[in-house]
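Visitor: Numbering (the numbering used here), first residue to last: 1332 to 1440. Take this structure first; my questions come after.
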């Protein structure tokens, strides 16, 4: 009986694994050039997750700050940091280093 219910839910797109596949994961790296890419496009109304990896010690970008979301996370060297942004509305979301000297944008369209 349980397998029949799971098959029905899977067919109707209610399977949890499918829900996670609809999330938009954006991978950013911090390099000598700053955030790469420094501008990314995402779709509105979709759960957005940032995955940020700092690859260098030669910039001040040891943190990422998203002021409009009250997010500030440390970026340890060579360790990915995951940041759930939730569903975003159309527009732009600016991010930067802790000192706001190195910046980028998430464009929601």
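We put the CB at the ideal spot given by N, CA and C, even for glycine. These numbers come from a predicted model, not from an experiment.
Skipping 5 residues on each side, what residues in its chain have a beta carbon closer than 6 angstroms to that of residue 1438?
Guide: Counted from its first residue, the chain shown places residue 1438 at position 107. Around residue 1438: 1372 and 1423.
Visitor: How long is the line joining the alpha carbons of residue 1435 and residue 1409, rounded to whole angstroms?
Guide: By 1-based counting over the chain shown, the position of residue 1435 is 104. By 1-based counting over the chain shown, the position of residue 1409 is 78. Roughly 20 angstroms separates the two Cα atoms.
Visitor: Using alpha carbons as the reference points, say which of 1376, 1407 and 1401 lies closest to residue 1391.
Guide: Residue mapping note: residue 1391 aligns to position 60 of the chain shown, counting from 1. Selected option, being the one with the closest Cα: 1407.
Visitor: Hey, could you find the ends of the beta strand (DSSP E) residue 1402 is sitting in?
Guide: Counting from 1 along the chain shown, the entry for residue 1402 is found at position 71. Element bounds for residue 1402: 1402-1405.
Visitor: Residue 1429 to residue 1404, Cα distance in whole Å?
Guide: Within the chain shown, numbered from 1, the residue matching residue 1429 stands at position 98. Within the chain shown, numbered from 1, the residue matching residue 1404 stands at position 73. If you take the alpha carbons of residue 1429 and residue 1404, they lie about 9 angstroms apart.
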